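Below: the structure, in C-alpha cells.
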Amino acid sequence: MARSKEESRSSEGMGYRGIAVLFASASGLRLLEARSPCGLGLMLYLFSNSNYSPYGRKRGERSGTPSSGATRTKYSSLNYYYKVEYLVVAVDDKEEKVRLSLCQAEILKALAQDAELSKQAAANGNASEEYSLSLKRNRKSSRVTAKNHMAANEYPITLTTFPRLGCSDDFTSPTYSLSGPALRSQFVPDEIANPHIRFPTLAANIRSRRGRKVELNVPVFRDTNTPWPFKDPTVNYDLHNWPEDDDVRNGAAKEGHVYMDAMAFGMGSCCLQITFQSKNITEGRKLYDQLSPLGPILLALTGATPIYKGFLVDTDVRWNQIGNAVDCRTREELGEVPLKNDRWRIPKSRYASNSTYISQDPHLRPEYMDPDLVIDEDIKKKLMDGGMDDLLATHFAHLFIRDPIVIFNEDLQELDLTKTDHFENLQSTNWQHIRFKPPPADNDIGWRVEFRPMEIQITDFENAAFSIFMVLITRAILSFDLNFYIPIPKTTENMETAHARNAVLDKKFYFRKDPFPHRFPRSQRYQSRPSSPPNSNPPSPPPSTTPSSPLLLPIESEYTLMSVNDIINGSSDGFPGLIPLVESYLDSLNVDVETRCALAKYLDLIRCRADGSLWTNAKWIREFVAKHPDYKHDSVVSAKISYDLVKAVEEITEKEGKDGSIGWEMFTAKKH
Numbered sequence: 001m002a003r004s005k006e007e008s009r010s011s012e013g014m015g016y017r018g019i020a021v022l023f024a025s026a027s028g029l030r031l032l033e034a035r036s037p038c039g040l041g042l043m044l045y046l047f048s049n050s051n052y053s054p055y056g057r058k059r060g061e062r063s064g065t066p067s068s069g070a071t072r073t074k075y076s077s078l079n080y081y082y083k084v085e086y087l088v089v090a091v092d093d094k095e096e097k098v099r100l101s102l103c104q105a106e107i108l109k110a111l112a113q114d115a116e117l118s119k120q121a122a123a124n125g126n127a128s129e130e131y132s133l134s135l136k137r138n139r140k141s142s143r144v145t146a147k148n149h150m151a152a153n154e155y156p157i158t159l160t161t162f163p164r165l166g167c168s169d170d171f172t173s174p175t176y177s178l179s180g181p182a183l184r185s186q187f188v189p190d191e192i193a194n195p196h197i198r199f200p201t202l203a204a205n206i207r208s209r210r211g212r213k214v215e216l217n218v219p220v221f222r223d224t225n226t227p228w229p230f231k232d233p234t235v236n237y238d239l240h241n242w243p244e245d246d247d248v249r250n251g252a253a254k255e256g257h258v259y260m261d262a263m264a265f266g267m268g269s270c271c272l273q274i275t276f277q278s279k280n281i282t283e284g285r286k287l288y289d290q291l292s293p294l295g296p297i298l299l300a301l302t303g304a305t306p307i308y309k310g311f312l313v314d315t316d317v318r319w320n321q322i323g324n325a326v327d328c329r330t331r332e333e334l335g336e337v338p339l340k341n342d343r344w345r346i347p348k349s350r351y352a353s354n355s356t357y358i359s360q361d362p363h364l365r366p367e368y369m370d371p372d373l374v375i376d377e378d379i380k381k382k383l384m385d386g387g388m389d390d391l392l393a394t395h396f397a398h399l400f401i402r403d404p405i406v407i408f409n410e411d412l413q414e415l416d417l418t419k420t421d422h423f424e425n426l427q428s429t430n431w432q433h434i435r436f437k438p439p440p441a442d443n444d445i446g447w448r449v450e451f452r453p454m455e456i457q458i459t460d461f462e463n464a465a466f467s468i469f470m471v472l473i474t475r476a477i478l479s480f481d482l483n484f485y486i487p488i489p490k491t492t493e494n495m496e497t498a499h500a501r502n503a504v505l506d507k508k509f510y511f512r513k514d515p516f517p518h519r520f521p522r523s524q525r526y527q528s529r530p531s532s533p534p535n536s537n538p539p540s541p542p543p544s545t546t547p548s549s550p551l552l553l554p555i556e557s558e559y560t561l562m563s564v565n566d567i568i569n570g571s572s573d574g575f576p577g578l579i580p581l582v583e584s585y586l587d588s589l590n591v592d593v594e595t596r597c598a599l600a601k602y603l604d605l606i607r608c609r610a611d612g613s614l615w616t617n618a619k620w621i622r623e624f625v626a627k628h629p630d631y632k633h634d635s636v637v638s639a640k641i642s643y644d645l646v647k648a649v650e651e652i653t654e655k656e657g658k659d660g661s662i663g664w665e666m667f668t669a670k671k672h
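So that you can map any letter, position 445 of the sequence shown is 445 in full-length UniProt numbering, and since no number is skipped, the others follow by simple counting.
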C-alpha cells in the first residue's frame with residue numbers, strides 16, 4: 001500500500017507545534033501539526049528480510065547525522081512549542097455508556113480542510129514570548145475547534161488512557177473484531193490504530209523482531225475485595241488464531257498484574273510535551289542535560305494514569321507501559337538467553353529514560369555517566385573522524401545500536417547525503433524522556449530539546465501551568481547556570497520510583513543538593529548570568545574538572561534523597577526549591593503586576609500539588625472510583641463507572657473545580 005512518507009513522519013507526534021490537526025493515536029486521536037502529503041512511499045515489513053535492518057542503520061549513520069561543526073542561525077530568544085494530546089470519546093447518554101471513537105479518518109479530513117484551523121496553528125503553535133499567558137486560552141480554543149469537527153455525541157478529553165481500553169464489551173465506536181493480522185491482540189482490534197500504513201507496520205515489525213507479542217504487565221491495585229492471588233480474568237488462554245497466542249500459555253500474563261498485549265496500550269496514551277528551540281547547539285546541549293534529572297519529578301507531579309483495561313492498578317503513570325508496548329528487543333538482547341545472533345545485551349527499551357549526557361559543561365563529571373551504556377563503537381569512531389566531539393558521538397552511537405523498525409522502499413534505492421531521512425528514521429524511534437533534536441536540513445528550525453515525560457492533565461489550566469513552569473525552569477537554568485547533574489543511573493531509578501502509587505507524596509527521589517555552580521573564570525563559564533540566584537555560594541577558586549582533583553568531593557556527597565515537595569518548594573536542609581528559583585528569575589526581570597499575578601496562579605498549582613494540599617489527577621480518579629456506588633472494592637472499573645468518570649471529566653474541563661464543583665480537590669485547598 002503506497003502512503004506519503006512525509007505524511008507518515010508528521011503523524012508521529014514527536015515535538016510538533018501545539019494546535020494543528022487531530023490524528024489517530026493507538027487509542028483515539030491526538031492534536032498535532034498538519035502537513036501536506038508529498039511523495040509516495042512503500043512501507044517495508046522489515047523483519048521478513050532482516051538484511052534491511054543493518055542497511056537502514058548504516059544509511060542513518062551516513063545521511064545527515066549532525067556534526068559538531070554544524071551551524072544554524074542563532075536565535076535571539078529561546079522559543080518553545082507545546083503539544084497536547086486528546087482522546088475522542090463517543091458518549092451514549094441513553095445507555096449510559098462511553099466508547100472510544102474511531103472515526104479518525106472523517107475528523108482528519110474535516111480538520112485538514114479548515115482554513116481557520118491553519119491560521120490558529122500559525123498563531124498558537126510557536127509560543128515564542130518569554131512566557132505566554134495565552135496558553136490556556138489557546139488550548140481551550142483548540143479543544144473547541146476540535147469539538148466542532150466531531151459528531152454531536154463525541155468529545156475531546158485529556159485523559160491519559162481510555163479507562164476500558166481492551167475490555168470485553170464494545171468499548172469502541174464503531175465496533176470491530178479482535179485478533180486481527182496486524183496487532184494480533186486478543187483485547188483490541190486492528191482498527192484502533194491510525195490507518196496510515198506506518199502504525200500497523202510498526203506493530204508488526206516490533207512483534208516480528210521480538211519473536212512474540214509485546215508484554216505489558218501492570219500490578220493491580222489490591223483492594224479489600226480484589227481476588228487474591230489475582231489472575232487477570234480477561235485473558236483467553238484458549239485462543240489459537242495466531243502463533244503468538246501461545247504467549248499467554250507460556251507465562252506472558254503475570255500473576256497479580258493486569259496483562260495487555262498490543263502497542264495500542266502504550267502508544268495510545270496521551271501526554272503533554274514541550275519542545276524548546278535553543279539559541280544554538282551549546283544551549284541545546286545544556287538544556288538536554290539539565291532537564292534530564294527533572295523528568296521523573298514532573299512525571300510524578302503530573303501522575304494521571306491509575307486505570308488500565310478496566311482495573312485500578314498500583315501505579316500512577318503511563319511511562320513504563322509505553323516502553324513495554326514498543327519494546328522490540330530479542331531474548332538475546334534482553335539477556336534471557338546467551339548472545340548468539342545479536343551484538344549486545346540492551347538494558348532498556350527503545351522508549352525509556354535517557355542514558356547519556358551531551359553538554360560540554362565544566363560541571364559534567366565522568367562519574368555521572370552511565371557505566372552500562374551500550375554504543376556502536378564503529379559508528380562512534382566514524383562520527384569522531386568526521387569532526388564530532390566525544391560526548392555527542394557517544395550519544396548518537398548509543399541511539400544507533402537499535403535497528404530501524406520502519407523503512408520506506410524508495411529510501412533504499414538511492415542515498416542522498418543532503419537529506420536526513422535515514423537519521424530521522426532512527427532518531428524518531430528512540431523515544432527517550434528528553435530528546436535532542438538537530439535542525440532539519442530543509443528549513444531554518446534550530447536545535448531543539450523535547451521534554452517528554454509529563455502526563456496530560458484533565459484541564460487546560462493544568463496543562464498551561466505545567467507548560468509555563470517548564471518554560472520558566474529553562475530560563476532559570478540558563479540565567480543562573482544551574483547545575484542539576486546526578487549520575488544517570490539515579491535518574492533511571494527515579495523514573496521507576498515515579499511510577500509508584502502516590503509517589504508524589506510517599507516517595508523520595510535522588511536530587512542534587514546544591515544547584516548553584518562554583519564560579520569559574522569568565523573564560524571557562526558556560527555563559528554569564530544576568531543576576532545572582534538566591535542563597536548562591538560566594539565566589540570561590542575555580543575547581544579543576546579532573547576526577548583526581550582534591551577540590552572535587554565524591555559524587556555521592558553531591559546528591560541525596562528528597563521528597564517532591566523538597567525539590568519543588570525547598571527543603572530545610574538548604575535546597576532552594578525549583579519554584580523559588582523560578583521566582584528569583586522573575587524578580588530579575590521587569591514583569592508587570594498583572595503578568596506576575598497570572599504566573600503566580602500557575603505556580604501555586606504546582607506548589608500545592610507538591611506539598612499535597614491539592615490532589616493529582618491520579619488521586620482524584622482513584623477517589624472517584626472508590627466512592628462510586630457501583631464500585632465493589634474489587635479493583636474493577638465497570639462500564640457505568642467509566643461513563644460517569646468521563647462525564648465528570650467533561651464537567652471538570654468546563655468548570656475547573658470552581659465554586660465547589662466536581663474535582664475541586666485538584667484546584668483549591670477547600671471546597672467553597
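Ideal Cβ placement from N, Cα and C applies to all residues, glycine included. Computed from a predicted model, the values in this text were never measured in an experiment.
Kindly list the residues whose CB is nearer than 6 angstroms to the CB of residue 654, restricted to its own chain and excluding five residues on each side of it in sequence; keep chain order.
-> Along the sequence shown, read from residue 1 onward, the residue named residue 654 stands at position 654. The answer is none, since no qualifying residue turns up.
Residues in its own chain within less than 6 angstroms of residue 477 by CB, not counting five upstream and five downstream?
-> The sequence position of residue 477 within the sequence shown is 477, counting from 1. Counting only Cβ-Cβ distances below 6 angstroms, and skipping sequence neighbours, we find 290.
Buried or exposed (CB count within 10 angstroms, at least 16 for buried), residue 664 = Residue numbering aside, residue 664 sits at position 664 when the sequence shown is read from its first letter. With 16 or more neighbouring CB atoms inside 10 Å of its own CB, residue 664 falls in the buried class.
How would you call residue 580, buried or exposed, if buried means at least 16 neighbouring beta carbons within 10 angstroms?
-> The sequence position of residue 580 within the sequence shown is 580, counting from 1. When all chains shown are included, residue 580 counts as buried.
Output the distance between the C-alpha atoms of residue 618 and residue 502, rounded to the nearest integer angstrom.
-> The residue you call residue 618 lines up with position 618 of the sequence shown. The residue you call residue 502 lines up with position 502 of the sequence shown. The alpha-carbon separation between residue 618 and residue 502 amounts to approximately 8 angstroms.
Could you check where the alpha helix (DSSP H) with residue 580 kicks off and where it finishes?
-> As a position in the sequence shown, residue 580 is number 580, starting the count at 1. Element bounds for residue 580: 578-587.
Could you spell out the range, first to last residue, of the beta strand (DSSP E) harbouring residue 273?
-> For the purposes of this step, residue 273 is identified with residue 273 of the sequence shown, where counting begins at 1. Going by DSSP, residue 273 is part of the beta strand (DSSP E) stretching over 272-277.
Three-state secondary structure (DSSP) at residue 558?
-> For the purposes of this step, residue 558 is taken as the residue at position 558 of the sequence shown. Here residue 558 sits in coil by DSSP.
Taking the CB atoms as reference points, tell me whether residue 635 and residue 312 lie closer together than 9 angstroms.
-> Mapped onto the sequence shown, residue 635 falls at position 635. Mapped onto the sequence shown, residue 312 falls at position 312. Going by C-beta atoms, residue 635 is nearer than 9 angstroms to residue 312.
If you draw a straight line from the alpha carbon of residue 143 to that of residue 85, how long is it in whole angstroms?
-> Numbered from its first residue, the sequence shown carries residue 143 at position 143. Numbered from its first residue, the sequence shown carries residue 85 at position 85. About 10 angstroms.
For residue 615, does the count of other Cβ atoms within 10 angstroms reach 16, so buried, or fall short, so exposed?
-> By one-based count along the sequence shown, residue 615 stands at place 615. For residue 615, the number of other beta carbons within 10 angstroms of its own is at least 16, and it is reported as buried.
Tell me whether the beta-carbon of residue 351 lies closer than 9 angstroms to the beta-carbon of residue 218.
-> As a first step, residue 351 must be located in the sequence shown, where it is residue number 351. As a first step, residue 218 must be located in the sequence shown, where it is residue number 218. It is not a contact, given that the beta carbons lie outside the stated cut-off.
Nearest residue (CA-CA) to residue 647, options 669, 624, 659, 632 = For this step, residue 647 is matched to residue 647 along the sequence shown. Ranking 669, 624, 659, 632 by Cα distance to residue 647 puts 624 first.
Can you tell me where the beta strand (DSSP E) with residue 248 in it begins and where it stops?
-> As a working note, residue 248 is residue 248 in the sequence shown. For residue 248, there is no enclosing beta strand (DSSP E); the enclosing alpha helix (DSSP H) has its first and last residue at 246-249.
Cβ pair residue 323, residue 165 closer than 9 angstroms = Reading the sequence shown from its first residue, position 323 is the one you call residue 323. Reading the sequence shown from its first residue, position 165 is the one you call residue 165. Residue 323 is not a Cβ neighbour of residue 165, given a cutoff of 9 angstroms.
Locate the beta strand (DSSP E) running through residue 217, then write down its first and last residues.
-> By 1-based counting over the sequence shown, the position of residue 217 is 217. First-last of the beta strand (DSSP E) with residue 217: 216-219.
If you draw a straight line from the C-alpha of residue 91 to the C-alpha of residue 99, how long is it?
-> In the sequence shown, the residue the question calls residue 91 occupies position 91. In the sequence shown, the residue the question calls residue 99 occupies position 99. Whole-angstrom Cα-Cα distance: 6 angstroms.
Neighbourhood of residue 684 by C-beta distance below 8 angstroms, restricted to the same chain and skipping five residues each side | Residue 684 is absent from the structure shown; the chain starts at 1 and stops at 672.
Roughly how many whole angstroms lie between the Cα atoms of residue 449 and residue 298?
-> As a first step, residue 449 must be located in the sequence shown, where it is residue number 449. As a first step, residue 298 must be located in the sequence shown, where it is residue number 298. Spanning the two alpha carbons is a distance of roughly 16 angstroms.
Which residues bound the beta strand (DSSP E) around residue 92?
-> Position 92 of the sequence shown, counting from 1, holds the residue named residue 92. Here the beta strand (DSSP E) through residue 92 covers 87-92.
Residue interval of the alpha helix (DSSP H) (run including residue 707) = In this structure the chain extends from 1 to 672, so residue 707 is not present and cannot be described.
Could you have a look at residue 195 and say whether DSSP puts it in helix, strand or coil?
-> Your numbering for residue 195 matches position 195 in the sequence shown. In this structure, residue 195 counts as coil in the three-state DSSP scheme.
What first and last residue would you give for the beta strand (DSSP E) that runs through residue 79?
-> The count along the sequence shown starts at 1 and reaches residue 79 at position 79. Element bounds for residue 79: 79-84.
Check residue 290 in the structure and name its three-state DSSP category.
-> Locating residue 290 in the sequence shown gives position 290, counting from the first residue. Helix at residue 290.
Would the region 231-250 and the region 168-186 be scored as touching if the rule is three or more Cβ pairs under 8 angstroms?
-> Cβ pair count under 8 angstroms is three or more, so yes.
Nearest CA to the CA of residue 633: which residue from 433, 221, 285?
-> The residue labelled residue 633 in the question sits at position 633 within the sequence shown. Of the listed residues, the one whose Cα sits closest to residue 633 is 221.
Going by alpha carbons, who is nearest to residue 452 out of 422, 294, 639?
-> Stepping through the sequence shown from its first residue, residue 452 is reached at position 452. Of the candidates 422, 294, 639, the one whose C-alpha sits nearest the C-alpha of residue 452 is 294.
Bridge-paired residues (DSSP) for residue 450 = As a position in the sequence shown, residue 450 is number 450, starting the count at 1. Answer by DSSP bridge pairing, in chain order: 275, 435.
From 470, 645, 661, 429, residue whose alpha carbon lies closest to that of residue 93 | Within the sequence shown, the letter at position 93 stands for residue 93. Closest option to residue 93, Cα to Cα, is 645.
Sorted by chain position, which residues of the same chain lie with C-beta nearer than 8 angstroms to residue 605's C-beta, five sequence neighbours on each side aside?
-> Here residue 605 refers to the residue found at position 605 of the sequence shown. Non-local C-beta neighbours of residue 605 in its own chain, meaning closer than 8 angstroms and more than five positions away in sequence, comprise 461, 462, 465, 614, 667, ordered along the chain.
Option nearest residue 114 by Cα separation, candidates 79, 652, 150, 88 = Taking the first residue of the sequence shown as 1, we reach residue 114 at position 114. Answer by Cα proximity: 150.
Report the three-state DSSP secondary structure of residue 260 (helix, strand or coil).
-> If you number the sequence shown from 1, residue 260 lands on position 260. In the structure shown, residue 260 sits in a strand (DSSP, three-state: E or B).
To the nearest angstrom, how far is it from the Cα of residue 627 to the Cα of residue 621?
-> Mapped onto the sequence shown, residue 627 falls at position 627. Mapped onto the sequence shown, residue 621 falls at position 621. Our two residues, residue 627 and residue 621, have alpha carbons roughly 10 angstroms apart in a direct line.
Considering only C-alpha positions, which residue in the set 630, 593, 569, 573 is nearest to residue 610?
-> Indexing the sequence shown from 1 puts residue 610 at position 610. Closest option to residue 610, judged by alpha-carbon separation, among 630, 593, 569, 573: 569.
Proximity to residue 224 [Cα-Cα], best of 631, 641, 652 | In the sequence shown, residue 224 corresponds to position 224, counting from 1. Closest option to residue 224, judged by alpha-carbon separation, among 631, 641, 652: 631.
So, do the region 572-589 and the region 370-390 have three or more beta carbon pairs nearer to each other than 8 angstroms?
-> Contact between the region 572-589 and the region 370-390 is not established, with fewer than three Cβ pairs separated by less than 8 angstroms.
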